[in-house]
Amino acid sequence: MGEGPQGMKLVTAIIKPFKLDDVREALAELGVHGLTVTEVRGFGRQKGQTEIYRGAEYTINFIAKIKIETVVPDERVPDIIHAITEAARTGRIGDGKIMVANVEQMVRIRTGETGEGAL
Amino acid sequence: MGEGPQGMKLVTAIIKPFKLDDVREALAELGVHGLTVTEVRGFGRQKGQTEIYRGAEYTINFIAKIKIETVVPDERVPDIIHAITEAARTGRIGDGKIMVANVEQMVRIRTGETGEGAL
Amino acid sequence: MGEGPQGMKLVTAIIKPFKLDDVREALAELGVHGLTVTEVRGFGRQKGQTEIYRGAEYTINFIAKIKIETVVPDERVPDIIHAITEAARTGRIGDGKIMVANVEQMVRIRTGETGEGAL
Amino acid sequence: MHAIDTGDTSWMLVSTALVLLMTIPGLALFYAGMVRRKNVLSTMIQSFGICCIVSIVWIVLGYSLAFTTGTAWIGDMSRFFLCGIADHIHQGADGAFTLGAGTSAETPMTIPESVYLMYQMTFAIITPALLTGAFAGRIRFSALCVFTILWSLLVYSPIAHWVWSPLGWVAGLGAVDFAGGTVVHINSGVAGLVCAIMIGRRYGLKRDDMSPHNLAYAIIGAALLWVGWFGFNAGSALGANGRAGMAMLTTQVAAAGGGVGWMLVEWWRHGKPTALGIVSGAVAGLVAVTPAAGFVLPGGALVIGLVAGGICFYSAAVLKNKLGYDDSLDAFGVHGVGGIVGALLTGVFAYGPLSATASNPAGVSGGWSQLLRQVEAVGVTIIWSVLLTALIFWVVDRLIGMRVSSEEEQMGLDLTQHGERLN
Amino acid sequence: MHAIDTGDTSWMLVSTALVLLMTIPGLALFYAGMVRRKNVLSTMIQSFGICCIVSIVWIVLGYSLAFTTGTAWIGDMSRFFLCGIADHIHQGADGAFTLGAGTSAETPMTIPESVYLMYQMTFAIITPALLTGAFAGRIRFSALCVFTILWSLLVYSPIAHWVWSPLGWVAGLGAVDFAGGTVVHINSGVAGLVCAIMIGRRYGLKRDDMSPHNLAYAIIGAALLWVGWFGFNAGSALGANGRAGMAMLTTQVAAAGGGVGWMLVEWWRHGKPTALGIVSGAVAGLVAVTPAAGFVLPGGALVIGLVAGGICFYSAAVLKNKLGYDDSLDAFGVHGVGGIVGALLTGVFAYGPLSATASNPAGVSGGWSQLLRQVEAVGVTIIWSVLLTALIFWVVDRLIGMRVSSEEEQMGLDLTQHGERLN
Amino acid sequence: MHAIDTGDTSWMLVSTALVLLMTIPGLALFYAGMVRRKNVLSTMIQSFGICCIVSIVWIVLGYSLAFTTGTAWIGDMSRFFLCGIADHIHQGADGAFTLGAGTSAETPMTIPESVYLMYQMTFAIITPALLTGAFAGRIRFSALCVFTILWSLLVYSPIAHWVWSPLGWVAGLGAVDFAGGTVVHINSGVAGLVCAIMIGRRYGLKRDDMSPHNLAYAIIGAALLWVGWFGFNAGSALGANGRAGMAMLTTQVAAAGGGVGWMLVEWWRHGKPTALGIVSGAVAGLVAVTPAAGFVLPGGALVIGLVAGGICFYSAAVLKNKLGYDDSLDAFGVHGVGGIVGALLTGVFAYGPLSATASNPAGVSGGWSQLLRQVEAVGVTIIWSVLLTALIFWVVDRLIGMRVSSEEEQMGLDLTQHGERLN
Ligand SMILES: Nc1ncnc2c1ncn2[C@@H]1O[C@H](COP(=O)(O)OP(=O)(O)O)[C@@H](O)[C@H]1O
Ligand SMILES: Nc1ncnc2c1ncn2[C@@H]1O[C@H](COP(=O)(O)OP(=O)(O)O)[C@@H](O)[C@H]1O
Ligand SMILES: Nc1ncnc2c1ncn2[C@@H]1O[C@H](COP(=O)(O)OP(=O)(O)O)[C@@H](O)[C@H]1O
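Residue numbers (the numbering used here), protein chains in the order written: chain H, 47 to 165; chain A, 47 to 165; chain Y, 47 to 165; chain L, 198 to 620; chain Z, 198 to 620; chain V, 198 to 620.
This is how it looks when you write it as structure tokens:
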């Protein structure tokens, strides 16, 4: 277990929804072949706009965000963080976060390949 | 890599949907500044109610749950687990789980800050 | 912290949506008691079909996938990977991936049990 | 028995279909669009179920109580289970109906009784359906069924008799109500307020996100209400005549005025006009023009609409919050208040020649004295509606329990009352 | 040629619009709400596409086969491509149509032929559209198009001629069918059953979660079916007359009875009344009252509705499971069974004075002998429908293949048949 | 003043309701189904808001400009705020209206003026609502409100006067337009094209996934457009007569032809018929038959439908891409092009006896000379519409700004213009 020669990381980015296409393109340019996207709602420093329905105010605590997950080889992590940061930044509050975690094993279901070969 | 001085953990909680607001409030009181919420469906000991549409019975294997993810400094983990457990518990089957995993790096997209400064 | 005697892993599988029931059954047979399912969209080698609405072509970059997450004891991982691979495979591109990561702690909210007892 | 007019009958058949369209799917969608996801199906099926139940109640007893001659207070039982309804049918043809036949105030029509009673049935259906907006998201379905039966017989039918039967004592006061401002809207709105107060506020109000699940449904619903309202108002002319034409025109203008009125107030107060606000305003305008439709000119209708749009904004958005009751979908805020605004303004804008009839050649004209009569009619409706609704609520609450348990409420009515869910 | 009546013509124009509304969007929504997400668009476009296709088939040939004089078995070709339809038009005005003109059984009307044929077209459209519920989720779109053309010409038009042409041999048997219990509902229901059996069960039935994707659509659809049914049934009086009034009333009552009937049975059997159950019951009541609408009194209609609601619950919820065929959306369970219940009960509850005409002044009254005639008509319809449907299915299956591949079925028809998806 | 006909009045009241149904909720749904999730509510409320605004504009000034006698170029102000509309009302009854009364070309009707002006109001409403498809997803709501008022008064009312007033100069050219091919469809389509070009393309076009959010809405919307179109076209006969019957029939046939036409072309070109394609084709067929409905026979209508379905496929799917403007929902591609196809083919297929009147007993027959007149009318409409639309756009853009900011566009109009969202 742990980081063998073929160490892989899971890079997770929480971004503003309308930046999805920009980030996807930036990652594709870096040669990232795969990623998985989830619609999430975020709670953070950025406060939801207050919506008023027939005079009832609803503070929308949770704001629509997109979560991107991609597993990549260890050594690509800094580049990828850089690329996401560039593509997803608007400079305004709520731009989101990038997290990196360790992945111990990866398998491609179709072929059974494991490790980096599965990416 | 690994756990430096600014070790961070990803705490993931799967809870009953109507407990979301309670949990969010409990975490906010603990000073947790950010979290990300996903609508998921859970399969576990709690069995879905059998729904009957025109006499056809459908056992709903998957029950609506909410996944909360929050990255926090190492040392806050026990408090946070405690707070979530308190807020999300109904005492009945299906209350859900909390998992803790290691996060190696965290970046705030807006500023490029890393580590605990990015939380 | 870290991997004590009751080491647990988070196995995450990205699969084709219509394979969900097959995978759930395969895991249930292995005695996996719980899992959490998320609707995601994937970007990978499998390209979305081009959809044409009134002559405007939209390349659907993101294809509907299902993410299955289950936390299991260390020693079950190989079996589980095998079972998912078998159940989810169609042999065609886009069958998806399985990833394994470490989980440091697990709590059952209802009872407060931790570790493998929480599974 | 004189012959029917096919043109008038044609229009009344259509009007019946249009008013039914208002309840299902119109109101069902309007209300369902404003609730949370977990209550969408139950909200819709409340309107649909009421439609089924009241149809039966109406033919069994409700129509007899409301529209047979009887006394000034209540009809007799001569149409119990619609007995005698086919007496005049000969080779499929029917003669024209006369309301209050044989009395001094008889009102001859040009349509068969079957058509008249079907048309009135659709009014009896929509009134309790409107009421459900007040306790959306926390009512037990079984209790609603029982409540509806009692309410229809004890509240709706009597008031309909008082106001619309030519012998009715409220009609005798000289108040006018063209298409149901008091009988339908004030009545259901006020009853809704009573229910909202008695059932209590929704769990989590002011804390949880209770924003509407799908406002597209609400917009479609409001649009169908608007279209169907042509049957409600122009149909109340009981024929395809000049009064129907004017009633349709004033209905349209007041709806437009209501939408614009609410929109402008909201723009000014919150900086943005909401879609829900515009459609709510249009509905408020429609409500307010209901008692007035066949009696006022387009200019008056425009004023009625604008005023109703503005005032209902305040009652739904401001007053409710101040007073603290939880009239969830503003049954009172829109229908009660809008109905009152309309009933009173009818007394201001009524134009004699429009409302004139052979028996009342001067017609009803706006002015202080008419306004007073309108106030009386409104007051009477409110008093009866409040008292009887409270009584019925109390009884059903004792017997069955009106409100679901707190856990059922949190899980949603779809799952707990009907075992279903939106996928 | 005598003059048309504008009132009757007005009502028939409206009825035509109402029956069209039943198919699009009514039935399209009712069915689409019950399928899985991946089949929503394809289910809707099946109704819409059938509407387009049958409209053309009808003017080219279908109308001629069904409603020109011809023989007792089939019409002639005298209205091929509607030739001659404008012969009597003079300065935009048209005379009134006589069905079976020149024969001993001619039926004079008060509306132009253009209106009559358009009204009948909407019936020809809805019948194959109803059928699609039986093989929802697994039919190939191209095959459906071809199947529809053949079925409309070889099954629908002949049966319509037998039952509704004054010369038709089934009409000659003395059976009555006011608005299409046999021609439309039994016919499509039985044909649906044949198709469901021949095409086989859906992939994953009893294992996968096939719960309805969006019951809100189903409720809206049922509501529009209800409203549109006024055109179907009250329109079948062919004028704005007393019979139309009674037909609308009985339609409403039976729909309500059906909704309440299914609801009560479900409450008793499963502890909860479902929204889908209530609306299904209302549709069952509407189906059952279709052959009866202009012939029975409201009391009879209530019984018809209640019985249909209860029996269709059993056929859809119990019988289908027992017998094991996969009539996915209960085309047979609701329309076939409900139609049979209604056709038979028409023979029980028919009330002479309502159904009387100048040529048959006694009218049709319920009783054993009438019941027997109804059984005959039902039997004849079933036999023809089963045989011809099976033949057409077999031929099209050979030529094109009726069923999509298993993988296409799993991916969903939206994507595989139309290249689209709900977002 | 002669008496009204109740049958004709009944049909015109219904037609008014049907045309309103086309805009709300028909068009609202049709358009909303094609936009992205973030713009669903704003798209719907644009149609609804226009309905409110134009209703008021119409009674204040629009109707006077369009339909009072005035000159060949424009009406006078004699119905400003509808003054005098109730002058002939006596005990709720009204006399029949004569358009252009007192002139040599006066057109007597059998319905009250209130009904005629309400019916025409619904046409005035739908025309600017259709236009909104051209700039969907990027228009500022406040600007749209102002634009609509100006456009209705300066573009719609004048053209309506030219074409439909018996004194109008375009009518004098001998061109015919049964129900609004030029006034409504070409006009809105061409204006839409101008707006699409002036406002510019959507942000992210050709890069982002702009696939329709919910085509189920689009199908429901198209279905309601279809049903409502019966009021639009058959209502344009202004009575329940033979011409109305034929117009309904040709409308149905052309819609069906359009759906099949587009479907076949798509099947051939892309291998699959899409649901959106079929419904778009049906709408194209409806557009194209609009000017022709009361003048052509069913065979001609079928050709018009098929041709329109095919050509509109090319204009929406091919031409637009080639020329590069972003007419987002094909206001021009379907309504503009379909309208032109229909206006020209009316000149080909018009059948004398159908269009004959007392004052023109020969009627209008298809042929080169009529085709030329149609070309003239189309040309005139296009020129005026282009010039004035561009001017109004420019003025409002200066004053308020027609387009939202790029960030607002990306966040969506629901949130930024109305502060709401679909949950
Ligand atoms: N500690 C955290 N753990 C998990 N997700 C977080 C955390 N903090 C923020 N997020 C996610 O990132 C999003 C943006 O964070 P926010 O604090 O609003 O702004 P910023 O990224 O500019 O600091 C949030 O909406 C939430 O989804
Ligand atoms: N091993 C597991 N891995 C991932 N998620 C799990 C696991 N076990 C349970 N869950 C999630 O937790 C939810 C609750 O679990 P369940 O077994 O029903 O009840 P309890 O939490 O009371 O033990 C499930 O619906 C599922 O979403
Ligand atoms: N590196 C990755 N990180 C995260 N998810 C991935 C990655 N690569 C692929 N995926 C997910 O797996 C799915 C299938 O991958 P794809 O490359 O299309 O085919 P295959 O699994 O046959 O190699 C993708 O749609 C995506 O959701």
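By construction, the Cβ of each residue, glycine as well, lies at the ideal position given by its N, Cα and C atoms.
Computed from a prediction, not measured in an experiment: that's the story for all the values here.
Asked, Found
"Within 7 Å, strictly: CB atoms of Ile109(H) and Gly77(H)", "no"
"Reference Cys342(L), options Gly377(L), Leu520(L), Ile253(L), closest by Cα", "Ile253(L)"
"Amino acids of chain V, ordered along the chain, whose beta-carbon sits closer than 9 Å to that of Ile67(H)", "The sequence as given places Asp at residue 67(H); Ile does not occur at that position. Neighbours of Asp67(H) on chain V, chain order: Gly401, Arg404, Asp405, Asp406."
"Residues that Glu617(V) contacts on chain H, provided the C-beta gap is smaller than 8 Å", "Glu97, Tyr99"
"CB contact check: Gly48(Y) to chain H, cutoff 7 Å", "Residue placement at Gly48(Y) cannot be trusted, given a pLDDT of 41 that sits under 50; the coordinates are not used to answer."
"CB contact below 7 Å: Pro51(H) versus chain A", "Confidence in Pro51(H) is poor, its pLDDT being 48 and thus under 50, which makes the residue's placement unreliable; the coordinate value appears in the next sentence. Chain A contact via Cβ: absent."
"Near-chain H residues of the segment 76-94 of chain A - C-beta to any C-beta below 7 Å", "His79, Gly80, Leu81, Thr82, Val83, Thr84"
"Counterpart residues of Arg154(H) in DSSP-defined beta bridges", "Lys143(Y)"
"Nonlocal neighbours in the same chain, by C-beta distance under 8 Å from Ala559(L), ignoring five residues either side", "Gly549, Ala553"
"Terminal residues of the beta strand (DSSP E) in which Glu97(H) lies", "96-99"
"Bounding residues of the beta strand (DSSP E) (the contiguous stretch that carries Tyr104(H))", "102-105"
"Selection from Lys143(Y), Glu162(Y), Gly161(Y) that minimises the alpha carbon distance to Thr58(Y)", "Lys143(Y)"
"Cutoff 6 Å; reference Asp205(V); Cβ partners in own chain excluding five residues on either side", "Thr307, Ile308, Gly436, Ala437"
"Chain Y contact residues for Ile130(H), given Cβ-Cβ distances below 8 Å", "The contacting residues do not exist; Ile130(H) stays about 14 Å from chain Y at best."
"Cα-Cα separation, Glu49(Y) to Gly161(Y)", "With a pLDDT of 41 at Glu49(Y), under the threshold of 50, the predicted position of this residue should be treated as unreliable, though the coordinate-derived value follows. Distance between the alpha carbons of Glu49(Y) and Gly161(Y): 11 Å."
"Inter-stretch contact at 8 Å, needing at least 3 Cβ pairs: the segment 143-154 of chain Y / the segment 131-143 of chain A", "yes"
"is_contact[Asp291(V), chain L] using C-beta, thresh 7 Å", "yes"
"Selection of the segment 506-518 of chain V by Cβ proximity to chain Y, strictly under 7 Å", "Ala513, Ala514, Val515, Asn518"
"Rounded distance between the beta-carbons of Met241(Z) and Ala415(Z), thought under 8 Å", "Not quite, the Cβ-Cβ distance comes to about 12 Å (not below 8 Å), so this is no contact."
"DSSP-derived helix/strand/coil call for Met608(Z)", "helix"
"Close-in-space but distant-in-sequence residues of the same chain around Gln567(L) (CB under 7 Å, 5 per side omitted)", "Gly544, Ala547, Val561"
"Lining residues of ligand 3 - beta-carbon closer than 7 Å to any non-hydrogen atom, in sequence order", "Val78(H), His79(H), Gly80(H), Leu81(H), Thr82(H), Glu115(H), Thr116(H), Val117(H), Val118(H), Arg154(H), Ile155(H), Arg156(H), Leu165(H), Ile60(Y), Val86(Y), Gly88(Y), Phe89(Y), Gly90(Y), Arg91(Y), Gln92(Y), Ile109(Y), Lys111(Y), Ile139(Y), Gly140(Y), Asp141(Y), Gly142(Y), Lys143(Y)"
"Contact the segment 595-607 of chain V vs the segment 566-580 of chain V: 3+ CB pairs below 8 Å", "no"
"Span separating the alpha-carbon of Gly468(V) from that of Ser408(V)", "19 Å"
"Per-residue burial, Pro51(A) [other beta carbons within 10 Å of its own, 16 or more giving buried]", "Confidence at Pro51(A) is low in this model, with a pLDDT of 48, below 50, so its placement is unreliable and the value that follows should be read with caution. Classification of Pro51(A): exposed, given that the 10 Å Cβ count is below 16."
"Contact set between Arg154(H) and chain Y, taken where Cβ atoms lie within less than 7 Å", "Lys143"
"Under 9 Å from the C-beta of Ile109(A): neighbouring residues of chain Z", "In chain order: nothing, as chain Z lies at least about 12 Å away."
"Within 7 Å, strictly: CB atoms of Trp167(Z) and Gly478(Z)", "Within the shown structure, residues of chain Z are numbered from 198 to 620, placing residue 167(Z) beyond reach of any answer."
"Among Asp374(V), Ala357(V), Ala333(V), the one whose alpha carbon lies nearest that of Tyr400(V)", "Ala333(V)"
"Chain L contacts from the segment 284-313 of chain V (Cβ-Cβ distance under 7 Å)", "Ile286, His287, Gln288, Gly289, Ala290, Asp291, Pro309, Ser311, Val312"
"Nearest candidate by alpha-carbon position, reference Ala283(L), set Gly616(Z), Val601(Z), Leu446(Z)", "Leu446(Z)"
"Contact set between Arg138(H) and chain Y, taken where Cβ atoms lie within less than 9 Å", "What Arg138(H) touches in chain Y: nothing, since even the nearest Cβ is about 25 Å away."
"Contact set for Met47(Y): own chain, Cβ-Cβ below 7 Å, skip 5 residues either direction", "At Met47(Y) the pLDDT is 39, less than 50, meaning the model places this residue with poor confidence; the figure from the coordinates comes in the next sentence. Closer than 7 Å at the Cβ level, and outside the excluded window around Met47(Y), lie Glu150."
"Through-space distance from Val216(V) to Asp405(V), alpha-carbon basis", "36 Å"
"Neighbouring residues, chain V, relative to Ile475(L) (Cβ below 8 Å)", "Ile242, Phe245, Gly246, Cys249"
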